[in-house]
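Here is the structure we will look at.
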């Protein structure tokens, strides 16, 4: 993955970001020690950004597409009110089990509801609207996740899409995954239904809201 900022700057930024609770540091350590795909974990900077977005939007109901080992779900759940809920879905039983183990170590476990199975199937079954939707799953389905998210989004809701810079490969897309991400980026850029900003944070984060009337 392309490094967008020097490692020293990344470390400095982490040192000047609100500290994580011990069980989330343990989750990061376990993920790095046991998973070859540990880079999929959002990390403290992006995780805290998500948490602050929950606070700023006053979100009460969140949908997460792509649980992985549950770090980002826990970060967002901590910012929800006591009656808030985050539904997080993934297709991987192994990572879902790790996530559930660490959910139970959190005081916010009651706010988190896991769904196991293909995300598009889960999304098709959901009722009601969501104040915030975080998309961080298989890239080939990003366009479909985005379109369904718009259907599920509240009028003042926020969609957050991860990995929109895809290690810099958006500049010279070659394989199907590269093309899927660049296609979504271009689609959002010309979508009159929304307004958006692409942030060069970590691997690229897109924030999307409905267009102003």
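In this note's numbering, the protein residues as written are -13 to 199. Cβ coordinates follow ideal geometry from the N, Cα and C atoms, glycine included.
Counted within 10 angstroms of its Cβ, other Cβ atoms place residue i as buried (16 or more) or exposed
{"i": "residue 30", "result": "buried"}
{"i": "residue 41", "result": "exposed"}
{"i": "residue -5", "result": "exposed"}
{"i": "residue 25", "result": "exposed"}
{"i": "residue 81", "result": "buried"}
{"i": "residue 181", "result": "exposed"}
{"i": "residue 60", "result": "buried"}
{"i": "residue 125", "result": "buried"}
According to DSSP, residues forming a beta bridge with residue i
{"i": "residue 148", "result": "191"}
{"i": "residue 75", "result": "51 and 101"}
{"i": "residue 61", "result": "Paired residues: none, contrary to the question."}
{"i": "residue 139", "result": "116"}
{"i": "residue 184", "result": "192"}
{"i": "residue 121", "result": "51 and 147"}
Nearest neighbour of residue i, chosen from the options [CA to CA]
{"i": "residue 192", "options": "199, 179, 125 and 174", "result": "174"}
{"i": "residue 103", "options": "113, 54 and 36", "result": "54"}
{"i": "residue 107", "options": "127, 93 and 64", "result": "127"}
{"i": "residue 39", "options": "172, 143, 181 and 179", "result": "143"}
{"i": "residue 62", "options": "92, 176 and 167", "result": "92"}
{"i": "residue 105", "options": "50, 67 and 32", "result": "50"}
Through-space distance from residue j to residue i, alpha-carbon basis
{"i": "residue 195", "j": "residue 23", "result": "30 Å"}
{"i": "residue 118", "j": "residue 139", "result": "7 Å"}
{"i": "residue 52", "j": "residue 69", "result": "23 Å"}
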